[in-house]
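Residue numbers (the numbering used here): 169 to 297.
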């Protein structure tokens, strides 16, 4: 068995850097740890943390190819975040013109969850604990 400790980060390539930067920082509340422009790649790399934990590397590249995320395509399906009160969080997202799917119940854990999308249609799950 390989001795993995935990997930280190999630890498996301966006199509519109400023729009995605605003979404992850101003709407979802991630903190910018480091922002780097890599001139040789004409690319930004934005390191983001949540509650002191480094979680996301947001990249921009010129003309990235589109990637299908729905219906269930092969590859990374979604990222998920824990919340205390899912109805309150979905109302806050709605106030920012972000549409959430109807809240559902996990048939195994009996916990509430829903999905919404980032600016590039990456599915993001909210899971109430």
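Yeah, the Cβ is synthetic: ideal placement off N, Cα and C, and Gly gets one too.
Here the C-alpha atom of residue 267 lies approximately 10 Å from the C-alpha atom of residue 286. Under the three-pair Cβ rule at 8 Å, the segment 195-211 does not count as touching the segment 252-259. Taking a 10 Å sphere around the C-beta of residue 275, we find fewer than 16 other C-beta atoms and assign the residue as exposed. Buried is the label assigned to residue 189, since at least 16 other Cβ atoms lie within 10 Å of its Cβ. Each of 277, 193, 171, 234 was checked against the Cα of residue 215, and the nearest Cα belongs to 193. At the C-beta level, residue 279 and residue 297 come within 8 Å of one another.
Minimum Cα-Cα distance from residue 292 among the listed residues 272, 254, 270, 247 corresponds to 247. Rounded to whole angstroms, the Cβ separation of residue 222 and residue 201 is 6 Å, and the two are in contact under 8 Å.
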